[in-house]
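Chains A and B supply the protein sequences, listed in that same order. Its first residue numbered 2, the first sequence is counted upward by one per residue in my numbering. Its first residue numbered 2, the second sequence is counted upward by one per residue in my numbering. Even glycine gets a Cβ: it sits at the ideal position worked out from N, Cα and C. These notes concern the structure reproduced below.
There are 2 protein chains.
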Amino acid sequence: MVSGKKSYAIGVDLGGTNLRVAAVDESGELLTRTDLPTDVRGRDRIEVVAELCDAVRSVTEQMSSSLKGGGALLGIGIGVAGLVDSETGLLLESPNLPGWNEFDVKGEIEQRLGTQVILENDANVAALGELWLGAGRGGSDLCMYTLGTGVGGGLVLDGKVWRGWNGMAGELGHCNVEPEGPPCNCGSSGCLEQYASATAVTRMAGEALASGAATALAGLTEGELDARAVYQCAMEGDAEARKIFDRVGRALGVAIADMVNTMNLPLHVLGGGVAASWEAFAPSLFDELRRRSFVFAGTTAEDGSGVGARRHTTRVCRALLGGDGGLYGAARLPMRA
Amino acid sequence: MVSGKKSYAIGVDLGGTNLRVAAVDESGELLTRTDLPTDVRGRDRIEVVAELCDAVRSVTEQMSSSLKGGGALLGIGIGVAGLVDSETGLLLESPNLPGWNEFDVKGEIEQRLGTQVILENDANVAALGELWLGAGRGGSDLCMYTLGTGVGGGLVLDGKVWRGWNGMAGELGHCNVEPEGPPCNCGSSGCLEQYASATAVTRMAGEALASGAATALAGLTEGELDARAVYQCAMEGDAEARKIFDRVGRALGVAIADMVNTMNLPLHVLGGGVAASWEAFAPSLFDELRRRSFVFAGTTAEDGSGVGARRHTTRVCRALLGGDGGLYGAARLPMRA
Numbered sequence: 002m003v004s005g006k007k008s009y010a011i012g013v014d015l016g017g018t019n020l021r022v023a024a025v026d027e028s029g030e031l032l033t034r035t036d037l038p039t040d041v042r043g044r045d046r047i048e049v050v051a052e053l054c055d056a057v058r059s060v061t062e063q064m065s066s067s068l069k070g071g072g073a074l075l076g077i078g079i080g081v082a083g084l085v086d087s088e089t090g091l092l093l094e095s096p097n098l099p100g101w102n103e104f105d106v107k108g109e110i111e112q113r114l115g116t117q118v119i120l121e122n123d124a125n126v127a128a129l130g131e132l133w134l135g136a137g138r139g140g141s142d143l144c145m146y147t148l149g150t151g152v153g154g155g156l157v158l159d160g161k162v163w164r165g166w167n168g169m170a171g172e173l174g175h176c177n178v179e180p181e182g183p184p185c186n187c188g189s190s191g192c193l194e195q196y197a198s199a200t201a202v203t204r205m206a207g208e209a210l211a212s213g214a215a216t217a218l219a220g221l222t223e224g225e226l227d228a229r230a231v232y233q234c235a236m237e238g239d240a241e242a243r244k245i246f247d248r249v250g251r252a253l254g255v256a257i258a259d260m261v262n263t264m265n266l267p268l269h270v271l272g273g274g275v276a277a278s279w280e281a282f283a284p285s286l287f288d289e290l291r292r293r294s295f296v297f298a299g300t301t302a303e304d305g306s307g308v309g310a311r312r313h314t315t316r317v318c319r320a321l322l323g324g325d326g327g328l329y330g331a332a333r334l335p336m337r338a
Numbered sequence: 002m003v004s005g006k007k008s009y010a011i012g013v014d015l016g017g018t019n020l021r022v023a024a025v026d027e028s029g030e031l032l033t034r035t036d037l038p039t040d041v042r043g044r045d046r047i048e049v050v051a052e053l054c055d056a057v058r059s060v061t062e063q064m065s066s067s068l069k070g071g072g073a074l075l076g077i078g079i080g081v082a083g084l085v086d087s088e089t090g091l092l093l094e095s096p097n098l099p100g101w102n103e104f105d106v107k108g109e110i111e112q113r114l115g116t117q118v119i120l121e122n123d124a125n126v127a128a129l130g131e132l133w134l135g136a137g138r139g140g141s142d143l144c145m146y147t148l149g150t151g152v153g154g155g156l157v158l159d160g161k162v163w164r165g166w167n168g169m170a171g172e173l174g175h176c177n178v179e180p181e182g183p184p185c186n187c188g189s190s191g192c193l194e195q196y197a198s199a200t201a202v203t204r205m206a207g208e209a210l211a212s213g214a215a216t217a218l219a220g221l222t223e224g225e226l227d228a229r230a231v232y233q234c235a236m237e238g239d240a241e242a243r244k245i246f247d248r249v250g251r252a253l254g255v256a257i258a259d260m261v262n263t264m265n266l267p268l269h270v271l272g273g274g275v276a277a278s279w280e281a282f283a284p285s286l287f288d289e290l291r292r293r294s295f296v297f298a299g300t301t302a303e304d305g306s307g308v309g310a311r312r313h314t315t316r317v318c319r320a321l322l323g324g325d326g327g328l329y330g331a332a333r334l335p336m337r338a
């Protein structure tokens, strides 16, 4: 559509440390965006919502002036870090937004803007973004893991976010990997999140140091010891750092194998900060996956790369949109509704 | 519809040890059925298919004579024990039907009958049957575990069997419960099937005996030592037999927790022979499930029974149709197509 009357949607990414608003047209072109440098976590929730609504209004005005009043706003989609009740729009629980539990985010925003919005979990919108414009382009189904401070997950089935019957689906970070593994905040132990999050990588590095193993990690100050530094050490050949990413890969392999055996989706996408360490954990991930999932083994080549024994190949790959997947996915929500 | 012109479908249940054919109307009423006392496993596959087609023809003739030529046949659905390629209708792999691997079951039957049939994995049709007329009546989504010689699984989402992108979805028996657990035929180790199948219960009983533990199981002859006998001993208070069903329950709890966290379905149904031991394994199943799944814990009462903290309750229960779920589900296939 090359005209002055482009239809567009507004996408909002509301995380613990960022608030971003963008206008995106139906072809996926970014028309304008605003990144608010705000520490959401440390502020009053009503203040944050007010700021979010101001930013949305400002983007809308900007759009209608640049489109000379001719562009149709398709709707507003919001991705938020936390568990969203799909019926009520309540944010049930959010580790990244303390003080927001049970907050009626959707209602509060709708009242201020005077229009309906679609609220969705951030990993779900990231999955939708990757399907639309990223690793899943052209497909209709995928499973996404966001490996960040925690591990989030999102499922898209037949082109739509799968929310489950009350919006709690896709909690892939709490799939069990090792029943008697490290305790998890969710009340279980040995969840994927305890192996494949940035927090877990840092914890495992601390455990390696505490064990007295000879490792380049010992050369880092406490402030330097994070998942990225452990990755650097692994890539420079440090055996202990490599062992840590082996565990990351094995845990992901066990969890993804379960997902492949259960849902038989064509694509599994890994995003979030830890996905940047792909080279360090991918070999053990694929080893484990081939061993644990006969469905995967039956639908892929021996090297996990390409042509399968069957016509089809089950793929596991990195996200392509980086940190913007959620922003695009949020904008996609009203287009699909 | 109370008329002489009832529409009906034919359902076929083709397992390793049984071949059953039924005519079922759209309200779920069984109009006629034939159970062929045949050992499918030990016979030539072409012979079995010929016999199946004869039985289907005989049921069709019976129906058209009793309905005086007025009943419309809606179609023929077949549930078969094994992995079905949904695109080609090939039976890819079937542990229960040795010699049937890569056999074009659908094509062979269609050629003989001169009409299309719908072929589907047996656990998938059992799930569909339970949704239609059993534990899931009135709902649209469920997850079913069939605890038999092996552990099968079936998913129904939005009223339809979820086959995945190439028909291999629902392999719930191969979800990982214990990464370093007993080796599984699928190539992995510690799969649910290694804990919750009749084969696994018998194996664990053998292990208990070999360990020299004091147990009533020692009073059984080798021929008597099966899952049912272990259940009897457990219900009579034998500590070792109880431990075995504790493990069954814990494994099911771990696996179902993953499913609840991932798919957030309202209902999980346990069928197959081992489900008859519900009283022996349910307590540890629910203990584990509450601990492992905050989604479950957040959508159920403390005793796992009824009114939840939220409006909804995630349910786990026994199948209601017993061995007939697959027969009804198979008949349902053409009604949904």
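is_contact[Ser198(B), chain A] using C-beta, thresh 8 Å: By 1-based counting over the second sequence, the position of residue 198(B) is 197. Closer than 8 Å: no.
Look at the alpha carbon of Gly137(A) and the alpha carbon of Val126(A), and state the distance between them as a whole number of angstroms. For the purposes of this step, residue 137(A) is taken as residue 136 along the first sequence, with counting starting at 1. For the purposes of this step, residue 126(A) is taken as residue 125 along the first sequence, with counting starting at 1. For Gly137(A) and Val126(A), the distance between alpha carbons rounds to 13 Å.
How big is the Cα-Cα spacing for Asp325(A) and Ala320(B)? Indexing the first sequence from 1 puts residue 325(A) at position 324. Indexing the second sequence from 1 puts residue 320(B) at position 319. Going from the Cα of Asp325(A) to the Cα of Ala320(B) covers about 45 Å.
Just the chain A side, please: which residues come within less than 9 Å of Asn265(B) by C-beta, in chain order? Along the second sequence, read from residue 1 onward, the residue named residue 265(B) stands at position 264. Those are Trp163, Arg164, Gly165, Trp166, Asn167, Gly168, Met169, Ala170, Gly171 and Glu172, listed as they occur along chain A.
Interface partners of Asp1(B) on chain A, CB under 8 Å: Absent from the model: residue 1(B). The displayed extent of chain B is 2 to 338, so no value can be given.
In terms of residue numbering, what span does the alpha helix (DSSP H) encompassing Arg251(B) cover? Residue mapping note: residue 251(B) aligns to position 250 of the second sequence, counting from 1. Segment Ala240 to Met264, the alpha helix (DSSP H) holding Arg251(B).
Ala258(B): contacting residues in chain A (beta-carbon distance under 9 Å): Counting from one through the second sequence, the residue named residue 258(B) turns up at place 257. Here the neighbours are His175, Cys176, Asn177 and Ser189.
Contact between the segment 47-56 of chain B and the segment 139-148 of chain B: three or more CB pairs below 8 Å? no
Excluding sequence positions up to five away, which residues of its chain have a Cβ less than 6 Å from the Cβ of Leu328(A)? Taking the first residue of the first sequence as position 1, residue 328(A) is located at position 327. So the list reads Gly12, Asp14, Arg21 and Ala23, once near-sequence residues are dropped.
8 Å is my cut-off, CB to CB: does Phe295(B) come that close to chain A? By one-based count along the second sequence, residue 295(B) stands at place 294. By this cut-off, Phe295(B) is an interface position.
Where Gly230(A) falls, given that 16 or more other Cβ within 10 Å makes a residue buried: Here residue 230(A) refers to the residue found at position 229 when the first sequence is read from its first residue. Per the sequence presented here, residue 230(A) reads as Ala, with Gly not at that position. Counting Cβ neighbours within 10 Å, Ala230(A) comes out buried, since at least 16 surround it.
Which same chain residues end up closer than 6 Å to Gly29(A) when comparing Cβ atoms and leaving out the 5 residues on each side of it in sequence? For the purposes of this step, residue 29(A) is taken as residue 28 along the first sequence, with counting starting at 1. Around Gly29(A): Leu134.
According to DSSP, simplified to helix, strand and coil, what is Asp159(B)? Your numbering for residue 159(B) matches position 158 in the second sequence. Coil at Asp159(B), not helix or strand.
Taking the alpha-carbon positions, what's the Ser87(A) to Ser59(B) distance? Within the first sequence, the letter at position 86 stands for residue 87(A). Within the second sequence, the letter at position 58 stands for residue 59(B). Roughly 50 Å separates the two Cα atoms.
Let me make sure I understand the geometry here. Which of Met260(A), Glu111(A), Cys185(A) and Glu94(A) has the alpha-carbon closest to that of Leu173(A)? Along the first sequence, read from residue 1 onward, the residue named residue 173(A) stands at position 172. That would be Met260(A), whose Cα lies nearest to the Cα of Leu173(A).
Does the Cβ of Ala215(A) have 16 or more other Cβ atoms within 10 Å, making it buried, or fewer, making it exposed? On the first sequence, residue 215(A) is found 214 positions in, with the first residue counted as 1. Ala215(A) should be labelled exposed.
Determine which residues share a DSSP beta bridge with Ile77(B) and list them. If you number the second sequence from 1, residue 77(B) lands on position 76. DSSP output for Ile77(B) lists Ile11(B) as bridge partner(s).
Which residue wins for smallest C-alpha separation from Val162(B), given the options Ala124(B), Thr150(B), Phe104(B) and Thr33(B)? In the second sequence, residue 162(B) corresponds to position 161, counting from 1. Ranking the options by Cα distance to Val162(B), first place goes to Ala124(B).
Identify each residue in the segment 113-134 of chain B for which the Cβ-Cβ distance to at least one residue of chain A is less than 9 Å, and report them in chain order. none
C-beta atoms of Asp239(B) and Ser285(B) nearer than 8 Å: Residue mapping note: residue 239(B) aligns to position 238 of the second sequence, counting from 1. Residue mapping note: residue 285(B) aligns to position 284 of the second sequence, counting from 1. Result no, Cβ atoms of Asp239(B) and Ser285(B) do not sit closer than 8 Å.
Determine, using beta carbons only, whether Arg292(A) comes closer than 8 Å to chain B. Taking the first sequence and counting its residues from 1, one reaches residue 292(A) at position 291. Yes, Arg292(A) lies at the interface with chain B (some Cβ there is under 8 Å from its Cβ).
Less than 8 Å between C-beta atoms, sequence neighbours within five positions excluded: which residues of the same chain meet that for Leu143(A)? Looking up residue 143(A) in the first sequence gives position 142. Once the five neighbours on either side are set aside, the close Cβ partners of Leu143(A) are Ala128, Glu131, Leu132, Ala136, Gly137, Leu156, Val157, Leu266, Pro267, Leu268, His269 and Val270.
What would DSSP say about Asp142(A), mapped onto helix, strand or coil? Position 141 of the first sequence holds residue 142(A). DSSP places Asp142(A) in coil when its eight states are reduced to three.
Does the beta carbon of Val255(B) come closer than 8 Å to any beta carbon on chain A? Residue 255(B) sits at position 254 when you count from the first residue of the second sequence. So yes, Val255(B) belongs to the interface.
Contained alpha helix (DSSP H) runs [length at least 4] in the segment 59-118 of chain A, N- to C-terminal order: 106-114
Determine the extent of the alpha helix (DSSP H) in which Thr35(A) is found, giving its start and end residues. Position 34 of the first sequence, counting from 1, holds the residue named residue 35(A). Not the alpha helix (DSSP H): Thr35(A) falls in the beta strand (DSSP E), residues Leu31 to Leu37.
Assign Arg21(B) to one of three DSSP states: helix, strand, or coil. Taking the first residue of the second sequence as 1, we reach residue 21(B) at position 20. Arg21(B) falls in the strand class under three-state DSSP.
Excluding five sequence neighbours on each side, which residues of the same chain lie with their C-beta closer than 6 Å to the C-beta of Arg333(A)? Counting from 1 along the first sequence, the entry for residue 333(A) is found at position 332. So the qualifying residues of the chain are Leu129 and Trp133.
Could you compute how far the alpha carbon of Gly254(B) sits from the alpha carbon of Arg291(B)? Counting from 1 along the second sequence, the entry for residue 254(B) is found at position 253. Counting from 1 along the second sequence, the entry for residue 291(B) is found at position 290. So the two alpha carbons sit approximately 8 Å from each other.
Measuring alpha carbon to alpha carbon, tell me which residue in Val106(B), Ala82(B), Leu37(B) and Ala235(B) is nearest Val171(B). As a position in the second sequence, residue 171(B) is number 170, starting the count at 1. With the sequence shown as reference, residue 171(B) is identified as Gly, and Val is not the correct amino acid for it. When each option's Cα is compared against that of Gly171(B), the closest is Ala82(B).
For Gly168(A), count the other beta carbons within 10 Å of its own beta carbon; 16 or more makes it buried, fewer makes it exposed. Which is it? Taking the first sequence and counting its residues from 1, one reaches residue 168(A) at position 167. So Gly168(A) counts as buried.
Buried or exposed, going by whether 16 or more other CB atoms sit within 10 Å of the CB of Asn97(B)? Counting from 1 along the second sequence, the entry for residue 97(B) is found at position 96. Asn97(B) should be labelled buried.
Start-to-end residues for the beta strand (DSSP E) that takes in Leu271(A): By one-based count along the first sequence, residue 271(A) stands at place 270. Taken as a continuous stretch (DSSP letters only), the beta strand (DSSP E) holding Leu271(A) covers Leu268 to Gly272.
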